[in-house]
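Below: the structure, in structure tokens.
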Amino acid sequence: MSGTCQSPTDLQLAPAFVRLAPVEAQAFLALDHAVKREGGHLEPRVRELISLAVALTTQCGYCLDVHTRAARRLGVTREELAEVVLVAATVRAGASVGHGLLALRLFEDDELRSSDGNSKN
33 MSGTCQSPTD LQLAPAFVRL APVEAQAFLA LDHAVKREGG HLEPRVRELI
83 SLAVALTTQC GYCLDVHTRA ARRLGVTREE LAEVVLVAAT VRAGASVGHG
133 LLALRLFEDD ELRSSDGNSK N
């Protein structure tokens, strides 16, 4: 494989990356720590299930690695993981349908403009 694929060793570059944009990186890390805090309305286990679902939909390999391990340590079962995968897949598929409806409306809007003689084509 070429050097373009994600690798767990890439995370070793994080300290150097933080030094390249310290203000922004520290703000990001502060947000990350805030949402992982204990004592919020969501239990840590629920936060990890949400994190897993988001990692699946954004297809972030690093996030999947971190949050799958954390979820397992918090007692998430294989069955729950499977359900999260399918919920995330359904939401992502639903978004495609939603965008399909938008595309249909844009198509129809363009068709109406064309029939009015207002099309630039």
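Just so we're aligned: 153 in the numbering used here is position 121 of the sequence shown, and the numbers increase by one with no gaps anywhere.
A virtual CB, placed ideally from N, CA and C, is assigned to each residue, including glycine.
- Using a Cβ distance threshold of 8 Å, Ala-57 and Val-67 do not count as a contacting pair.
- Distance between Val-129 and Asp-64, taken at the CA atoms: about 31 Å.
- Taking 8 Å as the cut-off, the beta carbon of Ala-85 is found closer than this to the beta carbon of Val-119.
- The region 129-143 makes no contact with the region 99-116, as fewer than three CB pairs between them are under 8 Å.
- Here the alpha carbons of Arg-137 and Val-78 stand approximately 37 Å from one another.
- In the structure shown, Gly-126 adopts helical secondary structure according to DSSP, grouped into three states.
- If you draw a straight line from the Cα of Ala-121 to the Cα of Ala-53, it is about 34 Å long.
- Burial state of Ala-103 is buried, judged by a 10 Å Cβ sphere holding 16 or more other Cβ atoms.
- When only Cα atoms are considered, Gly-93 and Phe-139 end up about 35 Å apart.
- His-73 sits away from Ser-83, with the two beta carbons spaced by 8 Å or more.
- DSSP assignment within the region 63-110 yields the following whole alpha helix (DSSP H) runs of 4 residues or more, N-terminal first: 76-90 and 93-105.
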